[in-house]
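Residue numbers (UniProt numbering): 1 to 360.
Note that CB positions come from ideal geometry on N, CA and C, so glycine has one too.
As the structure is a computational prediction, the values presented were derived from the model and not from experiment.
Here the structure comes first, spelled out in structure tokens, and everything after it is commentary.
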Amino acid sequence: MKAAVLNQIGDTELELRDDVTTTDVGPAEIRIRVRATGVCHSDISAMDGTLPALAPGILGHEGAGEVVEIGGAVDQFAVGDHAVLTFVPPCGTCVNCVGGRPHLCAIHSIAAFMNPRFVVGGNPAFGYAGTGTFAEELVVPAAGAVQIGADIPFEIAALVACGVMTGVGAVLNTAKVTPGSTVLVLGCGGVGISVIQGARLSGAAQIVAVDPVVDKHEIARHFGATHAVTPEQVAGLHQSLTGSQGWDYAFDVVGAPPTIRSAWDNARRGGTVVVVGAGRADAMVRFSAQELFLHDKRLLGSFYGGADVRRDYPMLLRLWQAGKLDLDGMITKRIKLDEINDALRALRDGANVIRQIVTY
Ligand code: CXF
Ligand code: ZN
């Protein structure tokens, strides 16, 4: 089958091959024919070493498709079912799963770092984050997919698997934004736009979007931002809109020390700071011992939007069906797998894209 292969960490291009295969489907696994996948910034972060990944490997982690084979012990899927993938399959029995925090389950995620599920040129290759949707087919644990209705377009379903879950989930599950609040969002890519949509769904009264790319401001407003500015303009709004008090909630959706620091500085005393952006392991952010206690802010990490995928994927798709969550508008471009390097380059260069979707 066709797949885009990352040969080495540090490569800036993926190798397009047509001789890639998967491992056999184990008793608790399923094979999915990928029908749509988003191109997420974390795929670039895997290539440049910002996020942990193994090479050789198949990137892509935001996908949806059709179940084409099931293992002997799988009873929750039938061949022909439509499903959305997840990069954190919940085991269902660990302390995190039982404690209602399945997005922190590490059982399948650790296994994915030890069990290559692709074969490239006769050698084992890993699926990124246990998935690997830049391939026509992949094998995952049955827990790594959530069944959806056959009436939902695959490209809409794919968006939910990472960016939308991460962004909307950060607002609803992690921060629990309340109606009438004021919200600052730093970064207007696919996840930032999802944070903006989540804030709108939560009834936030003021949503200030921040991005250095001015072309993204109109898009941010379309999805619910009440204001959209460059980073240099934030100080002015801090004064004019908040009376120098700061915002109730500030979301970093970049993952860099300056934006995390800006989220902290611009949240009001007693406000909530949420780090959604996926930063480097060695990027350090400075806080003074005094400000951490004196400002009484809630500093929250948000991984995968605190997802409970079995609860939240259907919830997000219901919101889309009800016309309350704009997913169609998030698709900037539809491409084929052989255009993947152009898509990655556009995203890396900060082009004005929300989601580029590969359809198979
Ligand atoms: C990432 C987090 C690390 C694994 C891949 C997905 N999240 C969003 O892109
Ligand atoms: Zn992602």
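> Which class does Lys333 belong to by DSSP, given the choice of helix, strand or coil?
Replying inline: Taking the first residue of the sequence shown as 1, we reach residue 333 at position 333. Strand, per DSSP.
> Is any heavy atom in the ligand ZN found nearer than 7 Å to the beta carbon of residue 366?
Replying inline: Any property of residue 366 remains undetermined from this structure, which presents the chain solely from 1 to 360.
>> Which same chain residues end up closer than 8 Å to Leu325 when comparing Cβ atoms and leaving out the 5 residues on each side of it in sequence?
In response: Counted from its first residue, the sequence shown places residue 325 at position 325. Correct list, in chain order: Val164, Val168, Gln197, Leu201, Leu316 and Leu319.
> Given a threshold of 16 other Cβ atoms within 10 Å of its Cβ, counted over all protein chains shown, does His103 qualify as buried or as exposed?
Replying inline: In the sequence shown, the residue the question calls residue 103 occupies position 103. It counts as buried.
> Of all the alpha helix (DSSP H) runs that stay within the bounds of the segment 246-275, which reach a length of 4 or more residues?
Replying inline: 257-266
> So, is Ile110 buried or exposed, given that buried needs 16 or more other C-beta atoms within 10 angstroms?
Replying inline: Walking along the sequence shown from the start, residue 110 turns up at place 110. Exposed.
> Relative to the ligand ZN, is the shortest distance from any of its heavy atoms to the C-beta of Val42 smaller than 7 Å?
Replying inline: Translated into positions along the sequence shown, residue 42 becomes position 42. Here the sequence assigns Ser to residue 42, which means Val is not the residue at that position. The answer is yes for Ser42.
> Within 10 angstroms of its Cβ, does Asp18 collect 16 or more other Cβ (buried), or is it exposed?
Replying inline: By one-based count along the sequence shown, residue 18 stands at place 18. Classification of Asp18: exposed, given that the 10 Å Cβ count is below 16.
> Do Trp264 and Val273 come within 8 Å of each other at the CB atom, strictly closer than that value?
Replying inline: Against the sequence shown, residue 273 aligns to sequence position 273. Against the sequence shown, residue 264 aligns to sequence position 264. Yes; because the gap between Cβ atoms is below 8 Å, this pair is in contact.
> Relative to the alpha-carbon of Thr22, which residue among Gly121, Asn173, Pro231 and Val98 has its alpha-carbon at the smallest distance?
Replying inline: Here residue 22 is taken as the residue at index 22 of the sequence shown, counted from 1. Measuring from the Cα of Thr22, the nearest candidate turns out to be Gly121.
> Regarding Gly60 and the ligand ZN, is the C-beta to nearest heavy atom distance less than 7 Å?
Replying inline: For the purposes of this step, residue 60 is identified with residue 60 of the sequence shown, where counting begins at 1. Checking the Cβ of Gly60 against the ligand ZN gives no.
>> Considering only their Cβ atoms, is the gap separating Arg35 from Tyr360 smaller than 8 Å?
In response: Start at 1 with the first residue of the sequence shown, and residue 360 comes out as number 360. Start at 1 with the first residue of the sequence shown, and residue 35 comes out as number 35. Yes, these two residues count as a Cβ contact at 8 Å.
> Under the criterion of a Cβ to heavy atom distance below 7 Å, does Phe87 qualify as lining the ligand CXF?
Replying inline: The sequence position of residue 87 within the sequence shown is 87, counting from 1. It does: the Cβ of Phe87 is within 7 Å (strictly closer) of some heavy atom of the ligand CXF.
>> Quick test of your reading: Gly38 and Cys162, contact by CB under 8 Å. State the CB separation rounded to the nearest angstrom.
In response: As a position in the sequence shown, residue 38 is number 38, starting the count at 1. As a position in the sequence shown, residue 162 is number 162, starting the count at 1. The pair is a contact, with the Cβ atoms about 7 Å apart (cut-off 8 Å).
>> Tell me which residue opens and which closes the alpha helix (DSSP H) that Thr166 is part of.
In response: By 1-based counting over the sequence shown, the position of residue 166 is 166. First-last of the alpha helix (DSSP H) with Thr166: Met165 to Gly169.
> Since Ile354 and Gly187 are thought to touch, with beta carbons under 8 Å apart, how far apart are those beta carbons, to the nearest angstrom?
Replying inline: Your numbering for residue 354 matches position 354 in the sequence shown. Your numbering for residue 187 matches position 187 in the sequence shown. With a Cβ gap of about 12 Å, Ile354 and Gly187 do not count as contacting.
>> Using DSSP's beta-bridge definition, name the partner residues of Asn123.
In response: Counted from its first residue, the sequence shown places residue 123 at position 123. DSSP output for Asn123 lists Val120 as bridge partner(s).
> Less than 8 Å separating the beta-carbons of Ala209 and Val177?
Replying inline: Taking the sequence shown and counting its residues from 1, one reaches residue 209 at position 209. Taking the sequence shown and counting its residues from 1, one reaches residue 177 at position 177. Not in contact: Ala209 and Val177 (Cβ atoms no closer than 8 Å).
> Does the segment 114-133 come close enough to the segment 290-297 that 3 or more CB-CB pairs lie under 8 Å?
Replying inline: no
> Looking at the structure shown, is Val195 part of a helix, part of a strand, or coil, going by DSSP?
Replying inline: Translated into positions along the sequence shown, residue 195 becomes position 195. Reduced to three states, the DSSP call for Val195 is helix.
>> My assumption, with CB atoms under 8 Å, is that Ala199 sits in contact with Gly224. Please give the rounded CB distance.
In response: Locating residue 199 in the sequence shown gives position 199, counting from the first residue. Locating residue 224 in the sequence shown gives position 224, counting from the first residue. Indeed, because the Cβ distance is near 7 Å, the residues count as touching under 8 Å.
>> Between the alpha carbons of His217 and Leu159, how many angstroms are there, rounded?
In response: Position 217 of the sequence shown, counted from the first residue, corresponds to residue 217. Position 159 of the sequence shown, counted from the first residue, corresponds to residue 159. The straight-line gap from Cα to Cα measures roughly 21 Å.
> Got a sec? Which residues, its chain only, sit under 7 Å from Ala228 by beta carbon, not counting five neighbours each side?
Replying inline: Mapped onto the sequence shown, residue 228 falls at position 228. For Ala228, where only same-chain residues beyond five positions count, the Cβ hits under 7 Å are Ala209, His217, Ala220 and Arg221.
> Taking 7 Å as the line, does the beta carbon of Leu16 fall inside it for any heavy atom of the ligand CXF?
Replying inline: On the sequence shown, residue 16 is found 16 positions in, with the first residue counted as 1. No; taking the cut-off as 7 Å, the Cβ of Leu16 has no heavy atom of the ligand CXF nearer than that.
> Taking C-alpha atoms, which residue in Thr166, Asn7, Met330 and Ala142 lies nearest to Ala73?
Replying inline: For the purposes of this step, residue 73 is identified with residue 73 of the sequence shown, where counting begins at 1. Checking every option, the nearest Cα to that of Ala73 belongs to Ala142.
> Straight-line CA distance for Ala135 to Ile107?
Replying inline: For the purposes of this step, residue 135 is taken as residue 135 along the sequence shown, with counting starting at 1. For the purposes of this step, residue 107 is taken as residue 107 along the sequence shown, with counting starting at 1. Each residue's Cα considered, the two are about 24 Å apart.
> Grouping DSSP H, G and I as helix and E and B as strand, with all else coil, what is Gly277?
Replying inline: Position 277 of the sequence shown holds residue 277. Of the three classes helix, strand and coil, the one that applies to Gly277 here is coil, per DSSP.
> Given that a residue counts as buried once 16 or more other Cβ atoms are within 10 Å of its Cβ, and exposed if not, what is Phe113?
Replying inline: On the sequence shown, position 113 is the one that residue 113 refers to. By the 10 Å Cβ count, Phe113 comes out exposed.
>> What does the alpha-carbon distance come out to for the pair Ala145 and Gln233?
In response: By 1-based counting over the sequence shown, the position of residue 145 is 145. By 1-based counting over the sequence shown, the position of residue 233 is 233. Near 42 Å, if we compare the C-alpha coordinates of Gln233 and Ala145.
> What residue from Val88, Asn7, Gly71 and Asp24 has the CA that sits closest to Gly306's CA?
Replying inline: Mapped onto the sequence shown, residue 306 falls at position 306. For Gly306, the nearest C-alpha among the options comes from Val88.
> So is Thr12 buried or exposed if we call it buried at 16+ other beta carbons inside 10 Å?
Replying inline: By 1-based counting over the sequence shown, the position of residue 12 is 12. So Thr12 ends up on the exposed side.
> Should residue 403 be labelled buried (16 or more other beta-carbon atoms within 10 Å of its own) or exposed?
Replying inline: With the chain represented from 1 up to 360, any question about residue 403 goes unanswered, as that position is not in the structure.
>> Starting from Val229, trace the beta strand (DSSP E) in both directions and tell me its first and last residue.
In response: Within the sequence shown, the letter at position 229 stands for residue 229. His227 to Val229 is the span of the beta strand (DSSP E), which, as asked, contains Val229.
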